[in-house]
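Inspection log for the structure reproduced underneath, given as structure tokens.
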Amino acid sequence: MNIENTQVQMRKGILEFCILHIIARGEVYASDMLEELTSAKIMVVEGTLYPLLTRLRKAGLVDYKWVESNSGPPRKYYTLTEEGTSFLSGLDQTWEELVSSTGRIISVNKNSK
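See below:
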């Protein structure tokens, strides 16, 4: 089994959660999201972000607006909808439970060595 494949799958599993958190801070441009995700080693593939943003928009969790740019074409800036804020709150609770549960399991393994 290849560890890199498992690591990529783990990162992909929390990608939506991380994107929603970035957008929750306020209006954000897609390339800024990509830069933050890449620097955090969550995502490196650009082609993954845009389809995910489209899916989140179609689900009613995010919205966007076009803003004129001085340096080129207009840009889409994303924001969380009210439904997205509520959804993220539920994900936060699940995240805390997962961190706690996995922490207990990992600590048992570390303590038994």
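Per numbering that gives the first Met the number 0, residue 0 is the first one in the sequence shown, and the count goes up by one each step. Cβ atoms here follow ideal geometry from the backbone N, Cα and C, with glycine treated the same way. Bear in mind the structure is a predicted one, so any value in this text is a computation, not a measurement.
- Around the C-beta of methionine 32, 16 or more other C-beta atoms lie within 10 Å, and the residue is accordingly described as buried.
- For serine 100, the secondary structure class from DSSP, reduced to helix, strand or coil, is helix.
- DSSP, reduced to helix, strand and coil, places glycine 71 within a strand of the structure shown.
- In the DSSP assignment, threonine 78 is bridged to Asp62.
- Per the coordinates, the alpha-carbon of glycine 102 lies some 25 Å from the alpha-carbon of isoleucine 21.
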